[in-house]
Amino acid sequence: MTIPLLLLGLTAAVFVLLATFLLRRWLPRLRAEFRQLRAAARAVEAMAMERELGYQVQMAGQTPALPALSGASPFDNGRWTVLAGGGDHDWPADTFYKVRGLAMHQGALHASLTGPKADGPGGQVWRLSDEACTQVGGDQAGSWRADDSFVDHLFSVDDNTLLAAEKTGVWRLSGGQWAHISEGLTLDEKCGPYSFASWNGRVVMGQWGRPRVAQLGENHQWTYLPDPEGGWGPGVRTIYCLIAFKGMLYAGTGTGKLTGPASAVWRYDGTSWEKVGGAGIRGSWAREGLPFVLSLTVFGECLVATVSRPDNTPNGASSVWVFDGDRWGPLAVGATPALMAESLIMNDAIVYQGRLVVATGHGTRRPAQLWMLDGAQRWQAVGPPELGKPGPGDGGWWVYRLCTDGQRLYASTAGHRGAAKVFCFNPV
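In this text, residue positions in the sequence shown follow numbering that gives the first Met the number 0: the first is 0, and each later residue adds one.
Encoded structure:
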């Protein structure tokens with residue numbers, strides 16, 4: 000037994016010595032080759048970014064014209080205030096992570112809340128005004144359990160009906176009472192309602208988890224529209240936005256993550272879907288790896304899409320694209336402010352008193368901002384001063400939703416525990 004053990008020990012020692020010799024000889028070479036490969040990968044990525052910026056500069060020549068601006072900026076005179084989220088006469092200041100939805104209903108602003116994390120576990124709806132802020136959804140008036148919920152978008156159908164996209168399905172507020180109206184929908188814990196729009200006199204809804212679009216019919220019965228032939232595309236998880244434009248229904252898609260090539264715009268003519276944006280189609284964004292189309296907004300005779308802005312996006316590249324129904328073009332290429340260039344997401348856009356306003360944010364110890372496009376096709380920062388400060392800890396700010404009553408502009412925020420606020424711009 001002694002000799003075999005001795006031989007085994009000698010063999011192991013020789014192996015260790017040989018391995019040490021080879022590592023000392025080859026490790027520097029391997030390190031050098033790794034550095035070369037990494038540099039080559041960075042060079043390829045840089046070339047791709049240069050091509051993307053060059054492509055955008057080329058496509059900028061065909062960007063559809065937006066409505067001409069006239070008069071002074073609505074932000075020249077006025078001030079921002081915190082309408083809700085301060086904890087004085089509304090929800091506790093450190094309770095919620097985000098105000099996800101905003102909607103004007105019966106002359107009052109309504110907001111949907113989720114927290115203390117991005118996915119709950121609490122979800123509520125509040126009615127906001129200068130005089131009082133009142134919880135109206137979540138353990139209220141026959142609604143869902145507030146401590147086991149998250150609420151995404153709100154949608155005012157008419158003066159009598161407000162819809163909420165809640166974790167368990169679609170809820171309708173009418174006559175001061177909530178009712179669960181998800182008949183006809185296939186939903187579970189990994190799939191739920193997300194976005195709303197009105198098209199051809201009907202409410203339509205887009206889902207997260209399993210991307211589909213459904214239409215609300217008589218007796219509050221939902222019917223699914225057909226999916227695109229071949230599906231919505233690789234990685235698509237959510238129908239992030241829906242809007243009617245020139246008689247057709249448009250949908251913007253995304254992954255639900257900050258990576259993946261799922262950003263696209265589709266349109267439905269009442270029979271079938273056609274992909275009209277993404278992957279360079281009709282002059283749209285060509286860069287791979289854009290995960291979201293986050294908002295679609297009608298401005299004059301054009302459709303405006305805001306897309307996510309992954310790391311390493313060229314500083315001068317645009318994340319706002321304009322579509323006239325035939326061709327896309329990027330907006331304000333080469334005029335992207337530094338803070339906008341650092342933003343991962345443009346969650347929403349709105350036309351406010353004749354001006355296009357977009358919302359940006361990052362969520363990782365970085366500030367957010369609202370930007371107005373001026374007459375020289377440049378972005379001007381117009382948001383609340385508080386958004387210009389980094390969030391606490393690892394949190395930052397996102398501006399999630401924009402809404403207007405025609406006079407005031409409302410902006411809701413998220414990004415860290417306690418970030419759930421609603422800011423209000425009051426013009427003078």
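In this text, a Cβ means the ideal position worked out from N, Cα and C, and glycines have one as well.
Remember, it's a predicted structure, so these values are computed and weren't measured experimentally.
Status (buried if at least 16 other CB within 10 Å, exposed otherwise) for residue i
i	result
Thr-113	buried
Asp-89	buried
Glu-44	Summary for Glu-44: the model assigns pLDDT 48, below 50, so the residue's position carries little reliability; its value from the coordinates is reported in the next sentence. The residue in question, Glu-44, is exposed, as its Cβ has fewer than 16 Cβ neighbours within 10 Å.
Val-275	buried
Val-303	buried
Glu-165	buried
Ala-413	buried
Leu-16	exposed
Lys-388	exposed
Leu-9	exposed
Pro-227	buried
Thr-270	exposed
Ser-69	exposed
Ser-411	buried
Pro-66	exposed
Lys-420	buried
Met-46	Since pLDDT at Met-46 reaches only 44, below the 50 mark, its modelled position is unreliable, and the value read off the structure follows with that caveat. So Met-46 counts as exposed.
Pro-27	exposed
Ala-367	buried
Val-427	exposed
Ala-38	Below a pLDDT of 50, predicted positions are generally treated as unreliable, and Ala-38, at 48, falls in that range; the measurement from the model is reported next regardless. By the neighbour-count rule (16 or more Cβ atoms within 10 Å), Ala-38 is not buried but exposed.
Ala-375	exposed
Cutoff 8 angstroms: residue i Cβ touching any chain B Cβ
i	result
Asp-325	As a matter of chain content, chain B is missing from the structure shown, which is built from one protein chain.
Paired residues, beta bridge with residue i - DSSP
i	result
Trp-177	Leu-172
Glu-273	Arg-266
His-104	Ala-107
Met-247	Phe-244
Gln-214	Val-203, Thr-222
Gly-121	Gly-114
Ala-164	Val-169
Gln-134	Trp-125
Tyr-193	DSSP output for Tyr-193 lists no bridge partner at all.
Pro-426	Gly-77
Lys-97	Thr-113, Ala-413
Nearest neighbour of residue i, chosen from the options [CA to CA]
i	options	result
Asn-218	Gly-229, Pro-225, Gly-230, Arg-201	Arg-201
Val-264	Thr-258, Gly-255, Ser-271, Gly-251	Gly-251
Thr-512	Asp-373, Met-345, Lys-189	With the chain covering 0 to 427 only, the question about residue 512 has no answer from this structure.
Asp-268	Val-98, Tyr-54, Met-247	Met-247
Glu-300	Trp-320, Thr-258, Phe-244, Thr-270	Phe-244
Gln-105	Leu-162, Met-339, Glu-228, Pro-225	Leu-162
Asp-325	Gln-57, Val-332, Asp-157, Ala-64	Ala-64
Arg-211	Gln-220, Leu-224, Asn-199	Leu-224
Met-204	Gly-232, Glu-188, Tyr-249, Val-235	Tyr-249
Asp-157	Ala-107, Val-235, Arg-23, Gln-123	Ala-107
Pro-313	Phe-14, Val-135, Glu-51	Glu-51
Val-356	Thr-305, Thr-363, Asp-323, Arg-365	Thr-305
Gln-352	Ala-71, Arg-377, Arg-24	Ala-71
Gly-277	Arg-407, Trp-320, Thr-258	Trp-320
Val-98	Thr-335, Asn-76, Gly-122	Gly-122
Leu-428	Ala-334, Ile-280, Leu-338, Leu-386	The structure shown does not extend to residue 428, since the chain spans only 0 to 427, so no value can be given for it.
Own chain partners of residue i with C-beta closer than 6 angstroms, once the 5 adjacent residues on each side are dropped
i	result
Asp-347	Ser-294, Ala-358, Arg-400, Leu-401
Trp-79	Pro-383, Phe-422, Phe-424
Ala-178	Arg-171
Gly-417	Ala-92, Asp-93
Glu-273	Arg-266
Arg-209	Cys-190
Phe-74	Val-381
Ile-242	Ala-196, Tyr-249, Leu-295
Close beta carbons around residue i, own chain, < 7 angstroms, minus the five adjacent residues each side
i	result
Gly-175	Ala-140
Arg-41	Reliability of the predicted coordinates at Arg-41 is poor, the pLDDT of 49 falling under 50, and no value is obtained from them.
Ala-59	Gly-328, Pro-329, Val-332
Ser-173	Asn-159, Thr-160
Thr-428	Outside the shown range of the chain (0 to 427) lies residue 428, about which nothing can therefore be said.
Ala-102	His-109, Leu-153, Phe-154, Ser-155, Leu-161, Cys-402
Ser-342	Arg-308, Thr-359, Gly-360, His-361
Ile-450	With the chain covering only 0 through 427, there is no way to say anything about residue 450.
Leu-289	Pro-260, Ser-262, Val-306, Ser-307, Pro-309
The ligand GDP heavy atom lying under 7 angstroms from the CB of residue i
i	result
Met-58	Ligands displayed in this structure: none; no statement on the ligand GDP is therefore possible.
Proximal residues to residue i (C-beta, below 8 angstroms), its chain only, five neighbours per side dropped
i	result
Asp-129	Leu-82
Gly-282	Met-58, Gln-61, Arg-326, Trp-327, Gly-328
Lys-116	Tyr-96, Arg-416
Pro-120	Asp-146, Asp-147, Ser-148, Phe-149
Lys-77	Sequence inspection shows Gly at residue 77; the Lys mentioned does not correspond to that position. Cβ within range, chain order: Phe-424, Asn-425, Pro-426, Val-427.
Self-check item: Contained alpha helix (DSSP H) runs [length at least 4] in the segment 338-375, N- to C-terminal order
Solution: Listed in chain order, nothing qualifies, since the segment 338-375 has no complete alpha helix (DSSP H) run of 4 or more residues.
Self-check item: Within the segment 290-346, ranges of the alpha helix (DSSP H) (whole runs, at least 4 residues)
Solution: Taken in chain order, the unbroken stretches of alpha helix (DSSP H) that lie wholly in the segment 290-346 and span 4 residues or more are 337-341.
Quiz item: Which ranges would you report for the beta strand (DSSP E) in the segment 375-417 if only whole runs of at least 3 residues count?
Solution: For secondary structure counted as the beta strand (DSSP E) over 3 or more consecutive residues, the segment 375-417 holds these complete runs in sequence order: 378-380, 397-403, 408-413.
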